[in-house]
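Participant: Let me give you the structure first, and then I'll get to my questions.
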Amino acid sequence: MSGLWCVNVGYGQQALVDAAARQMQTLPFYNAFFQTATPPAIELAEVLSEVTPPQFNHVFFSGSGSEGNDTIVRMVRRYWDVLGQPERHVLISRQNAYHGSTMAGASLGGMSGMHAQGGLPIPGISHIEQPYWWDHGRPQGMTRDEFGLVAARWLEERILSIGAHKVAAFIGEPVQGAGGVIIPPSTYWPEVQRICNKYGVLLVSDEVICGFGRTGRWFGCETMGFQPDLITFAKGVTSGYVPLGGVMVGERVAEVLIEQGGEFNHGYTYSGHPVACAVALANIGLIRSLKLVEHVHDDVGPYLAEAFAQLAGHPLVGDAETCGLMGALLLVKDKAENPKDSTAFDGSVGIGMVCRGHCFREGVIMRAVGDRMIIAPPLVITRAQIDEMVALIRRCLDLTLADAQREGWLL
Ligand SMILES: *Cc1c(COP(=O)(O)O)cnc(C)c1O
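Convert by adding 21 to the 1-based position in the sequence shown; the result is the number in the working numbering.
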């Protein structure tokens, strides 16, 4: 799991350690308020504008992904205020999305267990269904591509029912991570883009997991074929060696905020922390010099996809999907001749956690999200290491199947 979708360049990278030590000796801290900044923050802003899509030339730093998404909520509402449309404050997100754990992050997220604690969501957030073909498209007999269009149009229906003049933005992860590696059909995001354009709604890509090479391009929006107005990043920007997050601000929003908005009264003590920025610079330097994005796109990404296609033949696996170096196996029972007709295990079995227990004992870290077993290996993984990982996964699936047969869970 790369720690928690973080350690993209792998452990033990001395260049990142050295960058942190050097920066702590030079200037361990200065703030980024009142028109000041530190050299590493300025340099990182420049590098981020190079590796992100061309519409991004501004960055707002935070200390985490959650803080980045809190910034998104304030920033998109501020944008519409400055444009004289203060009614336009609703953000649309999705069920089973994960956008962090602060008040705004957890509210944007669609995790019912989180909403149930602490009086969430905050006002002005609206959730639509996630683009999960297995639950929503398959029962209706739709192809994945047909379903992608249907799921995107749930956004249009919601915009119309709220009133476009009240909708500020739509936010989504290109591929939902914590929700169980939900990979939308290829038709989904281009249609979401078309709908946002039609109604003038800002489009936000939460790239905290998908950013920095995870999907085989620098950013998940490039893999999925859309052009967001704002990007949230964290995790992979430093490979988790130290905390850093932020928001890439596209030209459409930056122009309004900077030229017409005056001061944006928002910021964190640790925004642009020089040590974190120095580590991020070393990390991005390594992603570039090791050509990790190309490595995922051309080599280990397709190799993992092939290996997962083989695992799809296992009697417990109803669906096996990957996108770059994110992958998910859906565990099902009575997988008949037509796997699409297979059914879910009884929830009381907790089949995912049974499988996860075997994984941890056998020495492969897979995470269970319900009945979905998910992985996100470091981008430096080799083909031989993928072979080793997949052999262990197969062994754990066999052990899980033996449990299910013995306990009568397959009935
Ligand atoms: C992890 C995550 C966040 C929250 O980031 P934190 O650094 O934990 O605050 C936000 N969005 C996505 C997609 C994430 O995976």
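Ideal Cβ positions, reconstructed from N, Cα and C, are used throughout, including at glycine.
Does the beta carbon of V229 fall short of 7 angstroms from some heavy atom of ligand 2?
Facilitator: Inclusion of ligand 2 in the displayed structure is not the case, the ligand content consisting of ligand 1 alone.
Participant: Which of helix, strand or coil does DSSP assign to T123?
Facilitator: What you label residue 123 is simply residue 102 of the sequence shown in a count that begins at 1. T123 falls in the coil class under three-state DSSP.
Participant: Pick helix, strand or coil for V30, following the three-state DSSP scheme.
Facilitator: Position 9 of the sequence shown, counted from the start, is the residue given in the question as residue 30. Looking at V30 - three-state DSSP - the assignment turns out to be coil, as it is neither helix nor strand.
Participant: Could you tell me whether the Cβ atoms of G29 and S260 are closer together than 8 angstroms?
Facilitator: Walking along the sequence shown from the start, residue 29 turns up at place 8. Walking along the sequence shown from the start, residue 260 turns up at place 239. Residue identity check: residue 29 is Asn in the sequence provided, not Gly. Yes; because the gap between Cβ atoms is below 8 angstroms, this pair is in contact.
Participant: Measure the Cβ-Cβ separation of G266 and A255 and say whether it is below 8 angstroms.
Facilitator: Translated into the one-based positions of the sequence shown, residue 266 becomes position 245. Translated into the one-based positions of the sequence shown, residue 255 becomes position 234. Yes, they are a contact pair.
Participant: Three Cβ pairs or more, each shorter than 8 angstroms: is that satisfied between the stretch 114-129 and the stretch 82-92?
Facilitator: Short answer: they touch.
Participant: Specify the secondary structure class of H316 as computed by DSSP and reduced to three states.
Facilitator: Here residue 316 refers to the residue found at position 295 when the sequence shown is read from its first residue. Three-state DSSP puts H316 in a helix.
Participant: Taking the straight line between their C-alpha atoms, what separation do you get for T364 and G378?
Facilitator: Taking the first residue of the sequence shown as position 1, residue 364 is located at position 343. Taking the first residue of the sequence shown as position 1, residue 378 is located at position 357. Taking the straight line from one Cα to the other gives about 22 angstroms.
Participant: Where does R109 fall in DSSP's three states?
Facilitator: Position 88 of the sequence shown, counted from the start, is the residue given in the question as residue 109. Here R109 sits in coil by DSSP.
Participant: On the three-state DSSP scale, how would you describe G232?
Facilitator: Here residue 232 refers to the residue found at position 211 when the sequence shown is read from its first residue. Here G232 sits in coil by DSSP.
Participant: Does the beta-carbon of V38 have 16 or more other beta-carbons within 10 angstroms, so that it is buried, or is it exposed?
Facilitator: For the purposes of this step, residue 38 is taken as the residue at position 17 of the sequence shown. Exposed, because fewer than 16 other Cβ atoms sit within 10 Å of the Cβ of V38.
Participant: Provide the residue span of the alpha helix (DSSP H) that contains A333, from first to last.
Facilitator: Within the sequence shown, residue 333 is the residue found at index 312, counting from 1. Note, A333: premise wrong, no alpha helix (DSSP H); not H, not E.
Participant: Just to confirm my understanding: we take H287, look at its own chain, exclude 5 residues before and 5 after, and list those with CB closer than 7 angstroms. What are they?
Facilitator: To locate residue 287, count along the sequence shown from 1; it is residue 266. Hits under 7 angstroms: T92, R95.
Participant: For ligand 1, is there any heavy atom lying closer than 7 angstroms to the beta carbon of G267?
Facilitator: Indexing the sequence shown from 1 puts residue 267 at position 246. G267 Cβ: outside cutoff for every heavy atom of ligand 1.
Participant: Which word fits G384, buried or exposed, when buried means at least 16 other C-beta atoms lie within 10 angstroms of its C-beta?
Facilitator: Position 363 of the sequence shown, counted from the start, is the residue given in the question as residue 384. By the neighbour-count rule (16 or more Cβ atoms within 10 Å), G384 is not buried but exposed.
Participant: Is L223 helix, strand or coil when you go by DSSP?
Facilitator: Counting from one through the sequence shown, the residue named residue 223 turns up at place 202. L223 falls in the strand class under three-state DSSP.
Participant: Whole angstroms is fine: what's the gap from K354's alpha carbon to C376's?
Facilitator: In the sequence shown, residue 354 corresponds to position 333, counting from 1. In the sequence shown, residue 376 corresponds to position 355, counting from 1. Cα to Cα, the separation comes out at about 14 angstroms.
Participant: If I follow the unbroken beta strand (DSSP E) through I252, where does it start and stop?
Facilitator: For this step, residue 252 is matched to residue 231 along the sequence shown. It spans 251-254 - the beta strand (DSSP E) in which I252 sits, taken as one unbroken run.
Participant: Measuring alpha carbon to alpha carbon, tell me which of T244, H294, P264 ends up nearest V314.
Facilitator: In the sequence shown, the residue the question calls residue 314 occupies position 293. Measuring from the Cα of V314, the nearest candidate turns out to be T244.
Participant: My assumption, with CB atoms under 8 angstroms, is that F366 sits in contact with W430. Please give the rounded CB distance.
Facilitator: Working through the sequence shown from its first residue, we reach residue 366 at position 345. Working through the sequence shown from its first residue, we reach residue 430 at position 409. Rounded, the Cβ-Cβ distance is 6 angstroms, consistent with contact.
Participant: Helix, strand or coil for E150? Go by DSSP, reduced to three states.
Facilitator: Residue numbering aside, residue 150 sits at position 129 when the sequence shown is read from its first letter. Correct three-state label for E150: coil.
Participant: Report whether the distance from the Cβ of N90 to the nearest heavy atom of ligand 1 is below 7 angstroms.
Facilitator: Taking the sequence shown and counting its residues from 1, one reaches residue 90 at position 69. Result yes, Cβ under 7 angstroms from ligand 1.
Participant: Quick one: what's got a C-beta closer than 8 angstroms to A341's C-beta in the same chain, skipping five residues either side?
Facilitator: The residue labelled residue 341 in the question sits at position 320 within the sequence shown. Counting only Cβ-Cβ distances below 8 angstroms, and skipping sequence neighbours, we find F329, A330, L332, A333, G348, A349, L350, L351.
Participant: Quick check: what's the CA-CA separation for G221 versus N359?
Facilitator: For the purposes of this step, residue 221 is taken as the residue at position 200 of the sequence shown. For the purposes of this step, residue 359 is taken as the residue at position 338 of the sequence shown. When rounded, the distance between both Cα atoms is 43 angstroms.
Participant: For E272, which option in A58, P74, I305 has the closest C-alpha, if you only look at C-alpha atoms?
Facilitator: If you number the sequence shown from 1, residue 272 lands on position 251. Ranking the options by Cα distance to E272, first place goes to P74.
Participant: Does any heavy atom of ligand 1 sit closer than 7 angstroms to the C-beta of Y291?
Facilitator: Numbered from its first residue, the sequence shown carries residue 291 at position 270. Checking the Cβ of Y291 against ligand 1 gives no.
Participant: Does ligand 1 have even one heavy atom less than 7 angstroms from the beta-carbon of S310?
Facilitator: As a first step, residue 310 is located in the sequence shown; it is residue number 289 there, counting from the start. Every heavy atom of ligand 1 is 7 angstroms or more from the Cβ of S310, so no.
Participant: Which residue marks the beginning of the beta strand (DSSP E) containing H79, and which one marks its end?
Facilitator: In the sequence shown, the residue the question calls residue 79 occupies position 58. Counting along the chain, the beta strand (DSSP E) containing H79 begins and ends at 77-83.
Participant: For H148, collect the residues of the same chain with a Cβ closer than 7 angstroms to its Cβ; drop the 5 residues on either side in sequence, then sort them by chain order.
Facilitator: Taking the sequence shown and counting its residues from 1, the one referred to as residue 148 is at position 127. Excluding residues within five positions, the ones whose Cβ falls inside 7 angstroms are S114, R115, Q116, G131.
Participant: Could you spell out where the alpha helix (DSSP H) holding F381 opens and where it closes?
Facilitator: Sequence index remark: in the sequence shown, residue 381 carries index 360 (1-based). First-last of the alpha helix (DSSP H) with F381: 372-383.
Participant: Assuming R165 and W154 form a contact by the criterion Cβ under 8 angstroms, report the distance between their Cβ atoms to the nearest whole angstrom.
Facilitator: Position 144 of the sequence shown, counted from the start, is the residue given in the question as residue 165. Position 133 of the sequence shown, counted from the start, is the residue given in the question as residue 154. Indeed they touch by this definition, with Cβ atoms about 5 angstroms apart.
Participant: Please determine whether the Cβ atom of Y119 lies at a distance below 7 angstroms from any heavy atom of ligand 1.
Facilitator: The residue labelled residue 119 in the question sits at position 98 within the sequence shown. For ligand 1, at least one heavy atom lies less than 7 angstroms from the Cβ of Y119.
Participant: Counting only the same chain and skipping the five closest in sequence on each side, list residues whose C-beta sits under 6 angstroms from that of A404.
Facilitator: Taking the sequence shown and counting its residues from 1, one reaches residue 404 at position 383. Going by the sequence as given, residue 404 is Arg instead of Ala. Excluding sequence neighbours, R404 sits near Y324.
Participant: Assign L104 to buried or exposed, taking buried as 16 or more other Cβ atoms, counted over all protein chains shown, within 10 Å of its Cβ.
Facilitator: Taking the sequence shown and counting its residues from 1, one reaches residue 104 at position 83. Exposed.
Participant: Evaluate Q374 with the Cβ neighbour count: other Cβ atoms within 10 Å of its Cβ, from every protein chain shown; 16 or more gives buried, anything less gives exposed.
Facilitator: Numbered from its first residue, the sequence shown carries residue 374 at position 353. It is Met, not Gln, that sits at residue 374 in the sequence shown. Exposed, by the Cβ-count rule.
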